[in-house]
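So the structure is just underneath, and the comments pick up after that.
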Amino acid sequence: RLDRGNCQTCHGQRNATNYVRNKPMIRELSQPFRLQVPLTWDFVKQLREATSLKLILKGIVSGEDSRRALDHGVDALMVSNHGGRVAESGRASL
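The sequence shown begins at 46 in the numbering used here and counts up one residue at a time.
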């Protein structure tokens, strides 16, 4: 970065509210987008209704949730154990 100026001067405080304001693709969702809020099936439904893009969900670790994701209109699942190699007791992926 060449500019040593304070980014907050132009872009405001870095928080979930400002993040949503600058992202028109998620601005209309009724639940504010926050990186630390657990994903719910209602939120997945809102995402599906908000876009015609392919909806890919990562983090599903059970067959039951895989079925539920499909029932909520998810187009694909990304199978991952969330870096389970770091935590030896991590849950295995599907």
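Heads up, the beta-carbon is just placed ideally off N, CA and C, and yes, glycines get one too.
Closest Cα partner of residue i within the set the options
i, options, result
"Ala-148", "Ile-105, Cys-52, Val-119 and Met-123", "The structure shown does not extend to residue 148, since the chain spans only 46 to 139, so no value can be given for it."
"Met-123", "Ile-101, Arg-49, Asp-87 and Arg-113", "Ile-101"
"Val-89", "Asp-116, Ser-107 and Gln-58", "Asp-116"
"Leu-84", "Cys-52, Thr-54 and Asp-110", "Asp-110"
"Lys-103", "Asn-51, Cys-55, Ala-121 and Ser-97", "Ala-121"
N-terminal and C-terminal residue of the alpha helix (DSSP H) that residue i is part of
i, result
"Arg-115", "In the sequence as displayed, the identity of residue 115 is Leu instead of Arg. Looking at the DSSP string, the run of the alpha helix (DSSP H) that includes Leu-115 is 108 to 116."
"Leu-92", "86 to 95"
Residue i versus residue j - alpha carbon distance
i, j, result
"Lys-99", "Asp-48", "37 Å"
"Ser-44", "Asp-87", "With the chain covering only 46 through 139, there is no way to say anything about residue 44."
"Gln-91", "Gly-50", "38 Å"
"Arg-113", "Ser-97", "19 Å"
"Arg-93", "Gln-58", "30 Å"
"Arg-79", "Thr-54", "Reliability fails at Arg-79, whose pLDDT of 48 lies under 50, so the model's placement of it is uncertain and the value that follows must be treated cautiously. Looking at the two C-alpha atoms, the distance is approximately 22 Å."
"Cys-52", "Gly-108", "44 Å"
Extent of the continuous beta strand (DSSP E) to which residue i belongs
i, result
"Ile-101", "101 to 103"
"Leu-122", "121 to 123"
Closer than 8 Å to chain D by CB, residue i
i, result
"Thr-96", "Among the protein chains of the structure shown there is no chain D, as only one such chain exists."
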